[in-house]
Structures are given as C-alpha cells and as structure tokens.
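One structure is given below, encoded as structure tokens.
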C-alpha cells in the first residue's frame, strides 16, 4: 500500500465506455484498496477483468438503496487507516450516482477524502455538443411525470448557461417534445448517445429537429442531452451588450469570438456590436 492512498476515502472515475480510458491511478487503486465499494459488484469485477487486474481488497455493494446504511462501515475502515475506493458503474461517483452521502459523512467526521479523476459523461457531452462551454449547469435526470418535468424545465426557461441532462433512451423523444414546449422549436441542442463506445453518435440541431429524429426511430444506449442557454432578454440593444463583451474580453477571451457569440444570442448584427465594442475599448 502506498502512502498516498492510506487512510482515505477515494472516489474514482471509471470508463463510460472505452475501457482504455481507465487511468493508471484507477488501476492501482483497484489492486491496492482495502475495500472497493461498488455500485454493482459484478460490473466492477468485470471491469477489473477487462483491465487484466485482480481486485486486492474486499468488494462490497454501495448503491442508492444501501448507501445510507453502508456509510458507517466504510468510514470505519478509513478511520482505522485503510483505503476505501468508491466507484460507480461508469463515470464519477456522486454525480447522479452513489457517493454523495459517504463523502458528506467523511467530511463531517474529519476523515480524508480525495478523488482520482477521469471519464465524465457530462463533460464529454458538453465538449462534443458544439454549444458554449464557458458557463454550464448540470441538471441530472428530469422528473419522469410529465407535469413535474414541465415544471422543472419551466424553472430553467431563463437560464443563460448551457444545460446538460441525463435521460433514459425510451424517454428521449417525449423529453425533447417537452423541451420544445418549454424553450421553443429553434433552441440549439445536442443528443449525445453511447459516448466513447463503438456506436457513439452526436446529433446537433434545433430542438424540434432533434425531437423529430427521436420519434422517427428507437433511441438506444446511454443518452446525454445538451441544450443551449436562453437568449438575451428581448429588446437588448448593441449599447446594452457592450459591457458584457468588454468584461469577457478583459477576462482573456478574444474580441471577435465574444462578439460572435453574444450577437448570435441577442439577435443583433455582429458588425455593429464589434464596432461599438472596439470604440469603447479605445476611448
């Protein structure tokens, strides 16, 4: 056991598809940890087998139905100087997967917690979407009931940041329909399916176009939906937008890039906004 991993709770990201994305640190932790707390013990053992590894410690289940009861047992191992490795079926534990409760309890108990970072469906989909990535929010899974889902989407109607959602494949079409209703047919979005896997697919376009695609055939695999942020409030003029442009440029972004993004969202001419921003900078 290395000094780095003794007496710690370690959350480790696992591949979301391609097993070659497993980090060297994850591989070492699977072998060296005293306890591996797995969302699905069979899937974790299968991952280790594909990596050509033998899990060295005790493997216990740690999922949404037993997370609360398992926490004390895991923290007892950490308090005793051991290493507990927490893994989900794919991606980062605690992000729409078990892990939050045990981290919260470890922090409250003053026990060491660290992360072995790696694959993330949220960030992978965001990067592939072609939508703005400078500011975004993650909303996890939307409610299943139509009314609850509609209310959740309505609460995000004015959200300017790009939004990322998880969704079950059999609900993608109806969720896109609900998004059209909440955000309009032309809101840009992307459907990211089977990321890093053999049949990876990313569909980009207006929400209405994506909804039509989803209704045309069965959507399969694990899905992440990425939706562009709300446009600037109606009535925004070029002078209104100049301070936002200059603030982003002062933060290190390129003027032409910022102008193009802001003008598109606000629906104002790029040429006019560029001229106004340039004039303001040279004053």
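Residue numbers (UniProt numbering): 1 to 283. Heads up, the beta-carbon is just placed ideally off N, CA and C, and yes, glycines get one too. Source: prediction; values computed, not measured.
Whole-number beta carbon distance between residue j and residue i, since they are thought to touch under 8 Å
{"i": "residue 15", "j": "residue 90", "result": "7 Å"}
{"i": "residue 48", "j": "residue 54", "result": "7 Å"}
{"i": "residue 11", "j": "residue 86", "result": "5 Å"}
{"i": "residue 227", "j": "residue 281", "result": "Not confirmed; about 33 Å, so no contact."}
{"i": "residue 244", "j": "residue 259", "result": "Residue 244 to residue 259, Cβ: 10 Å. No contact."}
{"i": "residue 9", "j": "residue 112", "result": "7 Å"}
{"i": "residue 247", "j": "residue 211", "result": "So it is not a contact: roughly 35 Å between Cβ atoms."}
Rounded separation between residue i and residue j - CA only
{"i": "residue 23", "j": "residue 169", "result": "28 Å"}
{"i": "residue 242", "j": "residue 264", "result": "14 Å"}
{"i": "residue 135", "j": "residue 69", "result": "36 Å"}
{"i": "residue 159", "j": "residue 266", "result": "14 Å"}
{"i": "residue 25", "j": "residue 116", "result": "7 Å"}
{"i": "residue 171", "j": "residue 179", "result": "12 Å"}
{"i": "residue 104", "j": "residue 74", "result": "13 Å"}
{"i": "residue 3", "j": "residue 196", "result": "Confidence is the limiting factor: at residue 3 the pLDDT is only 40, short of 50, which leaves the residue's position unreliable, though a coordinate-based value still follows. Going from the Cα of residue 3 to the Cα of residue 196 covers about 33 Å."}
{"i": "residue 50", "j": "residue 183", "result": "43 Å"}
{"i": "residue 72", "j": "residue 27", "result": "26 Å"}
{"i": "residue 101", "j": "residue 92", "result": "14 Å"}
{"i": "residue 133", "j": "residue 80", "result": "42 Å"}
{"i": "residue 5", "j": "residue 33", "result": "In this prediction, residue 5 scores a pLDDT of 41, lower than 50, which makes its location untrustworthy; no coordinate-derived value is stated."}
{"i": "residue 198", "j": "residue 19", "result": "12 Å"}
{"i": "residue 283", "j": "residue 275", "result": "13 Å"}
{"i": "residue 60", "j": "residue 43", "result": "12 Å"}
{"i": "residue 1", "j": "residue 106", "result": "Any reading at residue 1 is ruled out, since the residue's pLDDT is 39, under 50, leaving its predicted position unreliable."}
Among the options, nearest to residue i - alpha-carbon criterion
{"i": "residue 161", "options": "275, 231 and 59", "result": "231"}
{"i": "residue 318", "options": "46, 58, 279 and 229", "result": "Given that the chain is displayed from residue 1 to residue 283, the structure contains no residue 318 and the question cannot be resolved."}
{"i": "residue 204", "options": "195, 151, 214 and 130", "result": "130"}
{"i": "residue 155", "options": "65, 261 and 142", "result": "142"}
{"i": "residue 177", "options": "150, 127 and 95", "result": "150"}
{"i": "residue 127", "options": "164, 212 and 268", "result": "164"}
{"i": "residue 39", "options": "167, 272, 63 and 181", "result": "63"}
Outcome for residue i when other beta-carbon atoms lying within 10 angstroms are tallied against a minimum of 16
{"i": "residue 224", "result": "buried"}
{"i": "residue 124", "result": "buried"}
{"i": "residue 97", "result": "buried"}
{"i": "residue 235", "result": "exposed"}
{"i": "residue 17", "result": "buried"}
{"i": "residue 83", "result": "buried"}
{"i": "residue 254", "result": "exposed"}
{"i": "residue 268", "result": "buried"}
Any non-hydrogen atom of the ligand SAM closer than 7 Å to residue i Cβ
{"i": "residue 81", "result": "Among the components of this structure there are no ligands whatsoever, and the ligand SAM is therefore not found."}
(message) Restricting to runs no shorter than 3 residues, where is the beta strand (DSSP E) found entirely within the stretch 183-266?
(response) 188-193, 201-206 and 223-227
(message) Please give the ranges of any alpha helix (DSSP H) in the stretch 9-59, keeping only runs that are unbroken, at least 4 residues long and fully inside the region.
(response) 24-32 and 41-50
(request) Please list the segments of the beta strand (DSSP E) lying wholly inside the stretch 54-110, counting only runs of 3 or more residues, in order along the chain. (result) 58-61 and 83-87
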